[in-house]
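Just so you know, the sequences run in chain order A and B.
All residue numbers for the first sequence refer to our numbering, where the first residue is 41 and numbers rise by one.
All residue numbers for the second sequence refer to our numbering, where the first residue is 1462 and numbers rise by one.
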Amino acid sequence: MLGVPLLAAALTMGGAAEGVSLGNVTVSSDTDWVEATYEIENLTVTNGATLTIAGGSTVNVAGATTITGSGRILLQGKNTSGQVEGQWLGVGVTINSTDVQVDAGSAISADAQGYLGGFGPGSGGSDAALHGGSGGGYGGVGGRAGDDFNAGGAAYGDAFAPVDLGSGGGPTSATAGRGGEQLHSM
Amino acid sequence: MTDTLRLDGMISANGSEGGSVACSLAAAGGGSGGSIFITTSTLTGTGSVTAHGGAGGVGGCFPTVGDDGGGGAGGRIAVLYAHDGGFAGFTAPSVSGGIGGGRAAPPGTAVFLNTETNALRISQHLDFAPDSVVHFGAVTVDNQATLVLGGGVQLTVDDDFDVTQGATLFIEGKQRDGQINGQWSGAGAMITAGNMRIDAESRISANEQGYLAGLGPGASAWDGVNTAGGAGYGGVGGSGNGPNAGGLTYGEASAPVDLGSGGASAHSSAGIGGGAVVLYTDTLLLDGVIVANGGNGGSVGCSLAAPGGGSGGSILIVTRVLTGDGSLHADGGAGGEGGCTGGGDDGGGGGGGRIAVHYTVDDGFAGVTTSSVNGGAGGAGRSGAPGTLLFIGCLGDCNGDERVTVDELVRMVNVALGTINVRACLAGDGDHNRAIVVNKIVGAVNNALSGCGAR
């Protein structure tokens, strides 16, 4: 079984290369994985640790993914702060695992990892005046601010195969809410 | 190896909340929920899946909510599974919109789809885009969820379609805002299901999904001065004052599929027409309601002209078995209230809509006596006229007058030959397979000879 420091070293050496092959992996202290495709036998996150996986990654687990002991996997987004060649190409993380077990008190989270405030296909409306910023849209239209001035962000995406990032509220600033992220688990 | 998702904890992709600001600064909006897309063979556990929208930021001018930012919309969750291993998290609230400015943003979408049976479960919210053609093995809408069918949607459910626990199926209209190539072409949505059950707390609603104010074949006009009349459809709209007449009737009583019309706007906006629901089922158990009512006109101050009400819409049901304690309503909306004392300056009420139910077996459906196509209230005798309400259980009685004529038999033959559409005689289609064949014509001949009550 690979220890966490070796894992991190492997990733440093491999950079963002495709196909990072690991055996059985147990994460028991906070760990960051850069964007890559990971091939793993069994993945366990435990002991209150958070495993943070960079946006655009794919994690293939041949056996079981087990999140236990208040462990957490945090999935980040990619391309969250603007368009790429005129397109919104934000993506999250895909996990392909034969079995997945998330115990009570443990979690897979992509909270607030989507498009930043003011960004995304459903970004909330704002203006240069002091009207309130509207909410980001995605599965529905974003809510209007209390002053009812700026339009809410538009809805987009596919209800039966949702793979988009959530959009940020208006305006483009660090204070606006950030959309939720995308998790595709098979 | 099995392919199992055991979820006792949480999978989440929630949006974050907007930042709060001092008074006189602009508060920020909340982020929308993200995506969770899970495909698994077996789904089990007691946990939950959430993609909430974030709350809007709080403005500093305490205590009003008028300067708060807007909430983010809910995200999208799709869980595709082959076997339900007793998962408990179907109904946990999961895609709600964030609160902002004193109200919640719209929810996102959440679907649980059994890929073996093609059974769809909606426990929060889902909408099908206008003109979608969608097909499932079974559909459950529960837990106060909302399922929205855009105008022109055709939804087919092979077996059970359950709408329960305070759920609402919204049927929207399309082409409501004007003519297409010189024709009024508005339409609602069509559902075809095996066994449809709507419990006492649940409903199908096409309220105010018809033509917009002042539009439609039964719209009323306004002279710019006097109180306006209501729109017509199954019944004429109530008149206004001066030259303002109510809108006219149109459409077919025995196969109603038109949208209700919009009343004439005056110094306030008029009532919108009711929408159109078309439902083909083998068994319909309706304990709740199906409604396609017109909207009310807005109120005005004294000496201003009040608008008219919208006319009721359409409900067309073709079913083998009809049962339950529920009812059907396609009522016209009330005329707008004038501001002077008494009702003399109220707008005209919308006319009632049209309801037709073709059935083979009436298993004690209470709505035979409690359904309504009332005209909307209007001032001083200007209520809309009632619409048309037909329950047709006699094979071959195309027009619902409780007898079968030679003309109706000829109509059935023409449907059988393919020269006219089966909608010309839905009552000739005894088993509701949308075809008329010789044995149905023979049954209708018997009803022509012996009378409708004889069978």
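Ideal placement from N, C-alpha and C gives every residue a C-beta, glycine not left out.
Quick caveat: nothing in here was measured; it's all calculated off a predicted structure.
Limits of the unbroken beta strand (DSSP E) element including residue i
i: B:R1637; result: Here B:R1637 belongs to no beta strand (DSSP E), and DSSP marks it neither H nor E.
i: A:V85; result: L83 to V85
i: B:G1655; result: A1650 to I1659
i: B:F1852; result: T1849 to I1853
i: B:I1538; result: R1537 to D1545
i: B:Y1741; result: A1737 to L1747
i: A:L115; result: R112 to L115
i: B:G1533; result: Taken as a continuous stretch (DSSP letters only), B:G1533 belongs to no beta strand (DSSP E), as it is neither H nor E.
i: A:G103; result: T98 to I107
i: B:L1616; result: Q1615 to V1624
i: B:H1790; result: S1788 to H1790
i: A:A147; result: A147 to S149
i: A:S137; result: V133 to V142
Residue from the options with nearest C-alpha to residue i
i: B:R1658; options: B:N1907, B:T1629 and B:T1830; result: B:T1629
i: B:D1862; options: B:H1819, B:G1797 and B:G1837; result: B:H1819
i: A:S207; options: B:G1490, B:L1878, B:T1784 and B:V1871; result: B:G1490
i: A:S149; options: A:G126, A:S68 and A:A89; result: A:A89
i: B:G1708; options: B:V1738, B:D1743, B:G1770 and B:L1610; result: B:G1770
i: B:Q1615; options: B:G1839, B:A1877, B:G1494 and B:V1738; result: B:V1738
i: B:V1779; options: B:L1745, B:A1791, B:A1766 and B:G1546; result: B:L1745
i: A:T134; options: A:G209, A:G63 and A:P202; result: A:P202
i: B:W1683; options: B:T1576, B:S1726, B:G1836 and B:F1631; result: B:S1726
i: B:E1951; options: B:G1696, B:G1569 and B:I1751; result: With chain B covering only 1462 through 1916, there is no way to say anything about residue 1951 of chain B.
i: A:D204; options: B:S1911, B:G1536 and B:S1715; result: B:G1536
i: B:P1717; options: B:G1514, B:G1476, B:S1911 and B:A1885; result: B:A1885
i: B:G1479; options: B:G1530, B:T1576 and B:H1513; result: B:G1530
i: B:D1743; options: B:L1720, B:S1760 and B:L1783; result: B:L1783
i: B:G1842; options: B:G1533, B:R1467, B:N1579 and B:N1702; result: B:N1702
i: B:S1557; options: B:T1601, B:G1494 and B:V1609; result: B:G1494
i: B:A1714; options: B:L1504, B:P1768 and B:L1887; result: B:L1887
Three-state secondary structure assigned by DSSP to residue i
i: B:S1593; result: coil
i: B:D1868; result: helix
i: B:I1902; result: helix
i: B:S1833; result: strand
i: B:V1761; result: coil
i: B:N1882; result: coil
i: B:S1646; result: coil
i: B:N1908; result: helix
i: B:N1575; result: strand
i: B:A1888; result: helix
i: B:A1565; result: strand
i: B:G1828; result: helix
i: A:V181; result: coil
i: B:V1876; result: helix
Residue span of the alpha helix (DSSP H) that contains residue i, given as start and end
i: B:E1669; result: Unbroken run through B:E1669: none, as it is neither H nor E.
Chain-ordered neighbours of residue i on chain A, where CB pairs are closer than 8 Å
i: B:R1537; result: Y178, G179, G197, D198, A199, P202 and D204
Listed by chain order, chain B residues near residue i by CB distance under 8 Å
i: A:A144; result: D1469, G1470, T1507 and G1508
i: A:V140; result: T1465, L1466, R1467, L1468 and T1501
i: A:A76; result: Neighbours of A:A76 on chain B: none; closest Cβ ~21 Å, over 8 Å.
i: A:A152; result: N1475, G1476, S1477, G1492 and G1515
i: A:G96; result: Those within 8 Å of A:G96 in chain B number zero; the least Cβ separation is about 14 Å.
i: A:I107; result: G1470
Interface partners of residue i on chain A, CB under 9 Å
i: B:V1526; result: G186
i: B:A1488; result: G172, G173, A185, G186 and T215
i: B:A1606; result: Ordered by position in chain A, no residue passes the 9 Å Cβ test against B:A1606, which lies about 13 Å from the chain.
i: B:D1545; result: Those within 9 Å of B:D1545 in chain A number zero; the least Cβ separation is about 16 Å.
i: B:G1611; result: Residues of chain A passing the Cβ test: none, with the nearest at roughly 12 Å.
Per-residue contacts from residue i into chain B (C-beta, under 9 Å)
i: A:G126; result: None at all; the shortest Cβ gap to chain B is about 21 Å.
i: A:S149; result: M1471, I1472, S1473, A1474 and N1475
i: A:G122; result: What A:G122 touches in chain B: nothing, since even the nearest Cβ is about 16 Å away.
i: A:G88; result: Here the premise fails: no neighbours, minimum Cβ distance about 13 Å.
Cross-chain neighbours of residue i in chain A, by beta carbon under 7 Å
i: B:D1446; result: The requested residue 1446 of chain B does not occur in the structure, where chain B is confined to residues 1462 to 1916.
Residue i: contacting residues in chain B (beta-carbon distance under 7 Å)
i: A:G63; result: Correct list: empty, because the minimum Cβ distance to chain B is about 17 Å.
Taking any Cβ of chain A, which residues in the segment 1549-1578 of chain B have a Cβ under 9 Å from it, in chain order?
Within the segment 1549-1578 of chain B, V1556, G1558, G1559, I1560, G1561, G1562, G1563, R1564, A1565, A1566, P1567, P1568, G1569, T1570, A1571, V1572 and L1574 place their CB atoms closer than 9 Å to a CB of chain A, listed in sequence order.
Query - Interface residues of the segment 200-211 of chain A facing chain B [CB-CB below 8 Å] - result: Cβ contacts with chain B come from F200, A201, P202, V203, D204, L205, G206, S207, G208, G209, G210 and P211.
| said: So if I threshold CB-CB distances at 8 Å, which residues from the segment 1582-1603 of chain B count as touching chain A? | reply: Those would be H1586, L1587 and D1588, in chain order.
Legend entry - Under 9 Å (Cβ pairs) to chain A, residues found in the segment 1473-1497 of chain B: Listed in sequence order: S1473, A1474, N1475, G1476, S1477, E1478, G1479, G1480, S1481, V1482, S1485, L1486, A1487, A1488, A1489, G1490, G1491, G1492, S1493, G1494, G1495, S1496 and I1497.
Any C-beta of chain A within less than 9 Å: which residues of the segment 1857-1878 of chain B qualify? Residues passing the 9 Å Cβ filter: none.
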